[in-house]
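Structure, as structure tokens:
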Amino acid sequence: MATTERMLHKRADVEEVVRRYYRIVSDLSSSEEDLRAVLAPDVEIVEHPNALVPAGAMRDLAQTLEGFSRGKALLREQEFTVHDVIVDGDRAAARATWRGVIGASVGPFHEGQELVAHVAAMLTVRDGAIVHHETFDCYEPFATASA
Numbered sequence: 001m002a003t004t005e006r007m008l009h010k011r012a013d014v015e016e017v018v019r020r021y022y023r024i025v026s027d028l029s030s031s032e033e034d035l036r037a038v039l040a041p042d043v044e045i046v047e048h049p050n051a052l053v054p055a056g057a058m059r060d061l062a063q064t065l066e067g068f069s070r071g072k073a074l075l076r077e078q079e080f081t082v083h084d085v086i087v088d089g090d091r092a093a094a095r096a097t098w099r100g101v102i103g104a105s106v107g108p109f110h111e112g113q114e115l116v117a118h119v120a121a122m123l124t125v126r127d128g129a130i131v132h133h134e135t136f137d138c139y140e141p142f143a144t145a146s147a
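Residues 1 to 147, numbered by our numbering, are exactly what the sequence shown covers, in order.
Now the structure itself:
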């Protein structure tokens, strides 16, 4: 396989892992094992400060799986629409829109409330799995149950 062909193949592989990751996270019927299949054991996920996580967060695999389960318990629907994935080597920049619908009133949220975030993310893929994900989530204004 020529060098250019290998590079194109690798680019397609990285893009597919990123798109599969967002499909798994979107699917409320997906399992922790589905998510583990696209995350490296030493994955590091950095969430920059936003409306839901004001201090930001850094998560390892166990913390990511815990958050994955918590999100499924809170939401009755969710979807990531991936608009762009731009690949350079083993790195990808993704632009997406996330929409989630709250399943039951809890904390500051009320049942049926829709949340929307515009997402920009940088991901690194190694051996078919995400090893680093840095996300910048910009939430549209939302009312809280106490407002």
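No residue lacks a Cβ here, since even glycine has one placed at the ideal position from N, Cα and C.
Just so it is clear, the structure is predicted and the values come from calculations on it, not from any experiment.
Does residue i come out as helix, strand or coil in the three-state DSSP assignment?
| i | result |
| --- | --- |
| E60 | The sequence given here places Asp at residue 60; Glu does not occur at that position. Here D60 sits in coil by DSSP. |
| V53 | coil |
| D13 | helix |
| V38 | coil |
| L65 | helix |
| L75 | strand |
With a CB to CB cut of under 8 Å and the five nearest residues on each side skipped, what residues in its chain are close to residue i?
| i | result |
| --- | --- |
| T97 | F80, T81, H83, V116, A117, H118 and V119 |
| T64 | L35, L39, V43 and I45 |
Count the other CB atoms within 10 Å of the CB of residue i; is the residue buried (16 or more) or exposed (fewer)?
| i | result |
| --- | --- |
| D88 | exposed |
| E140 | exposed |
| G56 | exposed |
| I86 | exposed |
| G128 | exposed |
| D137 | buried |
| T135 | buried |
| A143 | exposed |
Taking 7 Å as the limit between beta carbons, can you name the residues of its chain near residue i, skipping five residues before and five after?
| i | result |
| --- | --- |
| V106 | L74 |
| E15 | V85, V87 and A92 |
For residue i, collect the residues of the same chain with a Cβ closer than 6 Å to its Cβ; drop the 5 residues on either side in sequence, then sort them by chain order.
| i | result |
| --- | --- |
| A51 | Y139 |
| E114 | V101 |
Smallest Cα separation from residue i: which of the options?
| i | options | result |
| --- | --- | --- |
| D90 | T144, R23, I24 and T124 | T124 |
| R70 | G103, H48 and R20 | G103 |
| S29 | V14, V53 and K72 | K72 |
| H132 | R59, V25 and P54 | R59 |
message: To test your reading of the DSSP string, which unbroken beta strand (DSSP E) runs of 3 or more residues are found completely within the region 77-139?
response: With a minimum length of 3 residues, the continuous beta strand (DSSP E) runs that stay inside the region 77-139 are 91-102, 114-126 and 129-139.
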